[in-house]
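Numbering (the UniProt record's numbering), first residue to last: 1 to 235.
For each residue, glycine too, the CB sits at the ideal point set by N, CA and C.
As the structure is a computational prediction, the values presented were derived from the model and not from experiment.
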């Protein structure tokens, strides 16, 4: 045994054929041996209840912030809605702004998982454009609270730069699509980020107007909008 001091052996032995295990405790860490060799600390797994509480806090805060605004959503109300104690919130988040950043990362991860589920960089440029933006529209239509949050906070100073970087790390297929399209002469001669933000802004504003005016977005209307979006950036 190397590097263990003041080790107390717990009298538990497990024999399996020619192998034997002994479990020990050193400086508060559980370690074990197999056939006399040190195998390192036992890896701990995240407590499910810890993750569940975090999700409950984020979900509760999302609804409250959208309906009441960030300034009118005290931490005490988030705790009450999430059915957790104030200590549970401050154990996981520094303040309301930290919660907003957590919500943003969570939503963008869900969004990326949905819109890129069938992404194949070998597909045609137009096919890829229609598929991923079509899935983006579907995600926002199916999740109106999350859409309202993204449209409100996507470019808010509340969202930290490190949060934005983390949240957007899963959206590289957009860069790949526009890079390929520009190389092959499909798109107007603009840098990929400008094309991305132009279409994203168009999608968000169109959906927001449709929501405010209570316009039903069916498949036909969605396809017409996607065609307009494509026509606006294609060469």
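Nearest neighbour of residue i, chosen from the options [CA to CA]
i: residue 73; options: 99, 144, 235, 50; result: 99
i: residue 96; options: 216, 176, 75; result: 75
i: residue 208; options: 57, 82, 144; result: 144
i: residue 196; options: 210, 222, 212, 234; result: 234
i: residue 88; options: 62, 67, 54, 64; result: 54
i: residue 220; options: 66, 182, 204, 134; result: 134
i: residue 119; options: 189, 186, 210, 177; result: 177
i: residue 50; options: 69, 91, 63; result: 91
i: residue 93; options: 201, 71, 61; result: 61
i: residue 203; options: 67, 130, 59; result: 130
i: residue 201; options: 63, 153, 71; result: 153
i: residue 187; options: 232, 67, 71; result: 232
i: residue 101; options: 69, 68, 156, 52; result: 156
Own chain partners of residue i with C-beta closer than 7 Å, once the 5 adjacent residues on each side are dropped
i: residue 166; result: 105
i: residue 175; result: 192
i: residue 115; result: 132, 135, 136, 139
i: residue 222; result: 134, 137
i: residue 147; result: 140, 207
Same chain, Cβ closer than 8 Å to residue i, neighbours up to 5 away in sequence not counted
i: residue 44; result: With a pLDDT of only 49 at residue 44, under the threshold of 50, the placement of this residue in the model should not be trusted; the figure read from the coordinates follows. The answer is none, since no qualifying residue turns up.
i: residue 184; result: 125
i: residue 16; result: Annotation note: pLDDT 43 at residue 16 (below 50); position unreliable, coordinate value reported separately. For residue 16, where only same-chain residues beyond five positions count, there are no Cβ hits under 8 Å.
i: residue 63; result: 81, 145
i: residue 59; result: 82
Simplified DSSP state of residue i, which is helix, strand or coil
i: residue 188; result: coil
i: residue 94; result: coil
i: residue 234; result: strand
i: residue 213; result: coil
i: residue 157; result: coil
i: residue 119; result: coil
i: residue 195; result: helix
i: residue 74; result: coil
i: residue 105; result: helix
i: residue 84; result: coil
i: residue 131; result: helix
i: residue 124; result: coil
i: residue 242; result: Coverage of the chain is limited to positions 1 through 235, which leaves residue 242 absent and any answer about it impossible.
i: residue 219; result: helix
CB of residue i within 8 Å of CB of residue j, strictly
i: residue 125; j: residue 180; result: yes
i: residue 107; j: residue 150; result: yes
i: residue 78; j: residue 103; result: no
i: residue 217; j: residue 210; result: yes
6 Å Cβ shell around residue i - same chain, five flanking residues per side excluded
i: residue 65; result: 73
i: residue 128; result: 177
i: residue 121; result: 176
Contact with chain D by residue i, beta-carbon distance below 8 Å
i: residue 90; result: Considering every chain present, this structure includes no chain D. It has just one protein chain.
Report yes or no: do the region 110-117 and the region 170-184 share at least 3 C-beta pairs separated by less than 8 Å? yes
Do three or more CB pairs link the region 224-232 to the region 155-166 at distances below 8 Å? no
Are at least three pairs of beta-carbons, each pair with one atom in the region 74-89 and one in the region 133-140, less than 8 Å apart? no
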